[in-house]
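A quick write-up on the structure given underneath.
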Amino acid sequence: MLRERLISASVLIAICSLCLYIDYRAPLAGVPGLMLLPLLLMFAGATAWEMSKLLAHGGRLIRPQVALAGTMMITGGAALPMLWLFRGEPYPVDCPVGRLGWIVVGTVGATALAIAAEMAAFGRGPKGGTERAACATMVAVYVGVPLGVMISIRNLGMDANWGLAAVVSMIAVTKASDTGAYFTGRMLGRHKMIPLLSPGKTWEGAAGGIGLSVGVAYACFYWLFPAICPSSGAVPVWGAPLFGVACACAGMVGDLAESFFKRDCGTKDSGGLLPGMGGVWDVTDSLIGASLPAFLCFAAGAAGP
């Protein structure tokens, strides 16, 4: 089990690292972040599909195709500011929609799509249109908004590489919590955190995960940012501890949220695409939880101006 988990994790890390390196050295079509967009959309789509199937397995009424389309609308909407770069000019700072506003536009569109799909089928199929629309909207919002925020993190900063460092830091710090909690829990775990939702999680493991996240945050803020973005400013003393704790705790909540859905739907795994790890949702669960806190930390200047 551990061997398969390590193999799957190594393959994922290699693919993501290659995409990040290309985005750093030779941005696709000269647009920073564009190389990462297909990868992120793939993760968003696979997570939404797995969540939809999980809900259907638990007896909830849902149209997975509608949930998937809504997720793509929200996550893809966050990438619309990149289109300005194709014209050789930056996104206008005075645009009333702003950068985050496109996520709101996508959310409204996804909600309208879910309702329209049920209105179109009303009276020609089984009842339960309200529940199907609600479930499809929930999946689209739950998955699409946080992963759309990750695109917004990539677009932060005056320097294109600043946003890249921010994305890498967010992923590294959040996943460090997963890794630290897993191994610390196996070695020292005694006190269960929430046994009804996740029997394997312990308070000792959580402490180990938070500690490793803070250490990785220091490495990212004081080594990674200056290395790929020399113009980055000074990091405040509170930056790394706040960022590490915020991403670690929010990532754990995202992990526990997936466990809640799985237990409530009466299934053990969200999918089996990744041997030893489960489904794609098992990879994105903590990132879904941590993306907004990470964005707010960066906006507050945790990594410097």
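In our numbering, the protein residues as written are 634 to 938. Note that beta-carbon positions come from the ideal geometry of N, C-alpha and C, so glycine has one too. Bear in mind that the values here come from a model prediction, so they are computed numbers and not experimental data.
{"Check": "Three-state secondary structure (DSSP) of K901", "Outcome": "coil"}
{"Check": "Given T663 as reference, the closest of G899, N794 and A711 once Cα atoms are compared", "Outcome": "Here the sequence assigns Gly to residue 663, which means Thr is not the residue at that position. Ranking G899, N794 and A711 by Cα distance to G663 puts N794 first."}
{"Check": "Backbone CA spacing between S643 and A850 [nearest angstrom]", "Outcome": "21 angstroms"}
{"Check": "Residue range of the unbroken alpha helix (DSSP H) whose run includes G709", "Outcome": "P697 to G710"}
{"Check": "Span of the alpha helix (DSSP H), counted from its first residue to its last, around S831", "Outcome": "No alpha helix (DSSP H) contains S831, which is instead part of the beta strand (DSSP E) from S831 to T835."}
{"Check": "Assigned secondary structure, K825 (DSSP; H/G/I helix, E/B strand, else coil)", "Outcome": "strand"}
{"Check": "7 angstroms Cβ cutoff met for L701 and A681", "Outcome": "yes"}
{"Check": "Residue from A809, A767, A766 and L829 whose Cα sits closest to the Cα of G842", "Outcome": "A809"}
{"Check": "Nearest-angstrom Cα separation, counted from A659 out to P729", "Outcome": "31 angstroms"}
{"Check": "Start-to-end residues for the alpha helix (DSSP H) that takes in M771", "Outcome": "G762 to R787"}
{"Check": "As assigned by DSSP and simplified to three states, the class of G678", "Outcome": "helix"}
{"Check": "G922 in three-state terms, based on DSSP", "Outcome": "helix"}
{"Check": "Three or more C-beta pairs below 8 angstroms linking the stretch 856-866 and the stretch 810-817", "Outcome": "no"}
{"Check": "Member of V878, R823 and V868 whose CA lies at the smallest distance from the CA of S846", "Outcome": "V878"}
{"Check": "Cβ pair G734, M706 closer than 7 angstroms", "Outcome": "no"}
{"Check": "Check whether V778 and I736 have beta carbons under 7 angstroms apart", "Outcome": "yes"}
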